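**Student:** Residue numbers (our numbering), protein chains in the order written: chain A, -4 to 274; chain B, 71 to 363.
C-beta atoms are modelled at their ideal positions from N, C-alpha and C, and glycine is treated no differently.
Treat the numbers as computed from the prediction; the structure is a model and nothing was measured.
Sharing a structure here in structure tokens format.
Next comes the structure, spelled out in structure tokens:
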């Protein structure tokens, strides 16, 4: 079963929910950190890393001797990543999506592909929990290929918790795609509500069932609760604004370890997710 | 004319609150929201749009069932797993969410059954606000190419700034370090990182700092909610000092900041003297920084 934790807005508590939930479940559970631009789950779990693999995309490499400068590659590239200027061909690897069209259509077989490193995937463990973290290289623009690589580690007979990135575009879609259930973490402020609505649209478009967790629920107004009621969205959990929780989070610890009453609360959260996901 | 960008790496650290406060404090400026994925600045600025433009970007493949000969070449060529076989009709289908719009399938299809159609990916706006002109955008749900939309919005802001002879372009950035952030950084005179004193806040601030450094953009630091964990605040101050980055302000955790957002006001408009003093001093340091450059 795959459960993704998403939010629309950043900083609402996705990682807090993902790390605490995965830790409380522990055995036969894996946590995938798909926020590859800014992975944070490992900061709270401090896993022992036992495997590290580089992530590559393929970019074209032109053999200057075979290239007749015909420009066919430039014609077929949708991203302006390869071009012929005068008597030279140029490859702009940052723009390349690695589709492979240029080498397929090159009439002179002058194009091959070479690997370009765009990030790493680390596999580690903490107690019985398996943690997979994707990390994009600084200066790279494309997160989805790294996310796809992280998701290859999903084990079918495990519970997989996915910590998704914020927003509504490609990286989020790539992360939550294929989930059996999603949890949207929000905060009851106008910013939080605005972004929650976007998150809801994403999950409805992808036809993934979902519920909402309201974090810092006593800090804002009740418009978020009204919205969820009007839209018939389940509120799975409310986490109060509590300086103690903020303190535990700020130093990188888990709430279930330092405030033991939350252990039961996260187990109950899992029970309700299981029931709702089956509906 | 100077262009400043507010970024954070991590989401939810207070970028938009800071940008909105600068909107209140700076004179003769244009405001820009580059968080096209999940824009928030409009909730405070309350814009009245003067211009609405469609943003068209990228294409998606469509397979005509009538023409599809079920050869499966498209599926074997597609590296984005965007083509699936419909078990009922034995024909191939495009999963439009996975399609990257490369057009490889359309070019290769032997029966000419695949057509590339342009996406309407979003909208962008030029608006009037009580603080002056505001350029912003809305990316459609599940649409890609946010970097290109960011570039479009910034280009328009720059044109307007030249035409109206403004002193400042103040840009609210998006979280992360990927495509929209990289697009936001281009042409910027200074990036201001809003960090928070948490383990993840520090981690992400450092990563976005490296990105700014990679693209050779000068950086300044603001620590928001500094009193939530003073040890962590000291850590941010230490590594800023080591990296030769000026910390231009520390903002307390104060419920009145959340209140002002809930009322659709900037912190300055909300009228608490301590907070006004805190943000005004930050803005003065931003201005002073440019005289030193």
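(1) For residue 325(B) and residue 214(A), what's the separation of their Cα atoms in angstroms?
(2) Counting only beta-carbon atoms, is residue 222(B) nearer than 8 Å to chain A?
(3) Closest to residue 74(B) by C-alpha separation, out of 322(B), 252(B), 277(B) and 241(B), would be which residue?
(4) Against chain A, does residue 174(B) count as a neighbour if the rule is that its beta carbon must be under 8 Å from one of theirs?
(5) On the criterion of 16 or more Cβ atoms from any shown chain inside 10 Å, does residue 152(A) qualify as buried, or is it exposed?
(6) So residue 108(A) and residue 56(A) are supposed to be a Cβ contact under 8 Å. How far apart are they, rounded?
(7) Please state if the CB of residue 188(A) and the CB of residue 15(A) are separated by a distance shorter than 8 Å.
(8) Using CA atoms only, rank isn't needed, just tell me which of 162(A), 138(A), 175(A) and 144(A) is closest to residue 155(A).
(9) Roughly how many angstroms lie between the CA atoms of residue 128(A) and residue 173(A), to the nearest whole one?
(10) Which runs of the beta strand (DSSP E), 3 residues or longer, sit entirely within the stretch 93 to 141 of chain B?
(11) Is there at least one non-hydrogen atom of the ligand GDP closer than 7 Å to the beta-carbon of residue 163(B)?
(12) Under 8 Å by Cβ, that's how I've got residue 316(B) and residue 290(B) pegged, so tell me the actual separation to the nearest angstrom.
(13) At the 8 Å Cβ level, is residue 113(B) part of the contact set with chain A, yes or no?
(14) If we define contact as Cβ-Cβ less than 8 Å, is residue 92(A) a contact residue for chain C?
(15) Can you give me the C-alpha to C-alpha distance between residue 275(A) and residue 12(A), rounded to a whole angstrom?
(16) Please list the partners that residue 242(A) has in chain B, where partner means a Cβ-to-Cβ separation under 9 Å.
(17) Roughly how many whole angstroms lie between the Cα atoms of residue 122(A) and residue 21(A)?
(18) Count the other CB atoms, across all protein chains shown, that sit within 10 Å of the CB of residue 70(A); report buried if there are 16 or more and exposed otherwise.
(19) Are residue 25(A) and residue 150(A) closer than 8 Å when you measure CB to CB?
(20) Any Cβ of chain B within less than 8 Å of the Cβ of residue 107(A)?
(21) Cβ atoms of residue 216(B) and residue 107(B): under 8 Å apart, would you say?
(22) If you draw a straight line from the alpha carbon of residue 163(A) to that of residue 230(A), how long is it in whole angstroms?
(23) With a threshold of 8 Å between beta carbons, is residue 185(A) in contact with chain B?
(24) Let me confirm a value: residue 59(A) is counted as buried when at least 16 other C-beta atoms fall within 10 Å, else exposed. Which label applies?
(25) Using only the alpha-carbon positions, how far apart do residue 120(B) and residue 270(B) sit?
(26) Give every residue of the same chain whose Cβ lies closer than 7 Å to the Cβ of residue 264(B), excluding the five residues on either side of it in the sequence, and list them in chain order.
(27) Rounded to the nearest angstrom, how far is the Cβ of residue 221(B) from that of residue 253(B), given a contact under 8 Å?
(28) Taking beta-carbon pairs under 9 Å, can you tell me which members of the stretch 159 to 177 of chain A lie near chain B?
(29) For residue 72(B), which residues of its own chain have a beta-carbon under 8 Å away from its beta-carbon, when the five flanking residues on both sides are left out?
(30) Where does the unbroken alpha helix (DSSP H) through residue 304(B) begin, and where does it stop?
(31) Mind checking who residue 232(A) pairs with in its DSSP beta bridge?
**Tutor:** According to the structure data:
(1) On the second chain, position 255 is the one that residue 325(B) refers to. On the first chain, position 219 is the one that residue 214(A) refers to. Residue 325(B) and residue 214(A) have their alpha carbons spaced roughly 8 Å apart.
(2) Residue 222(B) sits at position 152 when you count from the first residue of the second chain. With 8 Å as the cut-off, residue 222(B) does not count as an interface residue toward chain A.
(3) Taking the first residue of the second chain as 1, we reach residue 74(B) at position 4. Out of 322(B), 252(B), 277(B) and 241(B), 241(B) has the C-alpha closest to the C-alpha of residue 74(B).
(4) Here residue 174(B) refers to the residue found at position 104 when the second chain is read from its first residue. So yes, residue 174(B) belongs to the interface.
(5) Taking the first chain and counting its residues from 1, one reaches residue 152(A) at position 157. A residue is called buried when at least 16 other Cβ atoms come within 10 angstroms of its Cβ; residue 152(A) does not meet this threshold and is exposed.
(6) Looking up residue 108(A) in the first chain gives position 113. Looking up residue 56(A) in the first chain gives position 61. About 6 Å separates the two Cβ atoms, so the contact holds.
(7) Here residue 15(A) refers to the residue found at position 20 of the first chain. Here residue 188(A) refers to the residue found at position 193 of the first chain. No, Cβ-Cβ distance for residue 15(A) and residue 188(A) is not below 8 Å.
(8) By 1-based counting over the first chain, the position of residue 155(A) is 160. Across the set 162(A), 138(A), 175(A) and 144(A), the C-alpha of 175(A) shows the shortest separation from the C-alpha of residue 155(A).
(9) Within the first chain, residue 128(A) is the residue found at index 133, counting from 1. Within the first chain, residue 173(A) is the residue found at index 178, counting from 1. When the Cα atoms are used, residue 128(A) and residue 173(A) turn out to be separated by approximately 18 Å.
(10) DSSP runs (the beta strand (DSSP E)) wholly in the stretch 93 to 141 of chain B: 99 to 103 and 118 to 133.
(11) What this structure holds is no ligand at all, so the ligand GDP is not there to describe.
(12) Translated into the one-based positions of the second chain, residue 316(B) becomes position 246. Translated into the one-based positions of the second chain, residue 290(B) becomes position 220. About 5 Å separates the beta carbon of residue 316(B) from that of residue 290(B), a gap short enough to meet the 8 Å contact definition.
(13) Translated into the one-based positions of the second chain, residue 113(B) becomes position 43. Chain A, which has a Cβ nearer than 8 Å to the Cβ of residue 113(B), makes this yes.
(14) Included in the structure are the protein chains A and B, with no chain C among them.
(15) There is no way to answer for residue 275(A), as the model of chain A reaches only from -4 to 274.
(16) Counting from 1 along the first chain, the entry for residue 242(A) is found at position 247. Against chain B, the beta carbon of residue 242(A) has neighbours under 9 Å at 298 and 299, listed in chain order.
(17) Stepping through the first chain from its first residue, residue 122(A) is reached at position 127. Stepping through the first chain from its first residue, residue 21(A) is reached at position 26. Their Cα atoms are separated by approximately 8 Å.
(18) Locating residue 70(A) in the first chain gives position 75, counting from the first residue. Exposed.
(19) For the purposes of this step, residue 25(A) is taken as the residue at position 30 of the first chain. For the purposes of this step, residue 150(A) is taken as the residue at position 155 of the first chain. For residue 25(A) and residue 150(A), yes; Cβs fall inside 8 Å.
(20) As a position in the first chain, residue 107(A) is number 112, starting the count at 1. So, not an interface residue.
(21) If you number the second chain from 1, residue 107(B) lands on position 37. If you number the second chain from 1, residue 216(B) lands on position 146. With contacts defined as CB atoms closer than 8 Å, residue 107(B) and residue 216(B) qualify as a contacting pair.
(22) Locating residue 163(A) in the first chain gives position 168, where the first residue counts as 1. Locating residue 230(A) in the first chain gives position 235, where the first residue counts as 1. One alpha carbon belongs to residue 163(A), the other to residue 230(A), and they sit about 21 Å apart.
(23) If you number the first chain from 1, residue 185(A) lands on position 190. Yes - at least one Cβ of chain B is within 8 Å of the one on residue 185(A).
(24) Position 64 of the first chain, counted from the first residue, corresponds to residue 59(A). Classification for residue 59(A): exposed.
(25) Along the second chain, read from residue 1 onward, the residue named residue 120(B) stands at position 50. Along the second chain, read from residue 1 onward, the residue named residue 270(B) stands at position 200. Near 40 Å, if we compare the C-alpha coordinates of residue 270(B) and residue 120(B).
(26) By 1-based counting over the second chain, the position of residue 264(B) is 194. 76, 78, 83, 84, 85, 88, 292 and 294.
(27) Sequence index remark: in the second chain, residue 221(B) carries index 151 (1-based). Sequence index remark: in the second chain, residue 253(B) carries index 183 (1-based). Contact holds; Cβ gap of about 5 Å.
(28) The stretch 159 to 177 of chain A vs chain B, Cβ under 9 Å: 160, 161, 162, 163, 164, 165, 166, 167, 168, 169 and 172.
(29) Within the second chain, numbered from 1, the residue matching residue 72(B) stands at position 2. Apart from sequence neighbours up to five positions away, the residues of its chain that approach residue 72(B) with a beta-carbon distance below 8 Å are 237, 238, 239, 259, 260 and 360, ordered along the chain.
(30) What you label residue 304(B) is simply residue 234 of the second chain in a count that begins at 1. Its alpha helix (DSSP H) spans residues 300 to 312.
(31) Along the first chain, read from residue 1 onward, the residue named residue 232(A) stands at position 237. When DSSP reads this structure, residue 232(A) sits in a beta bridge with 208(A).
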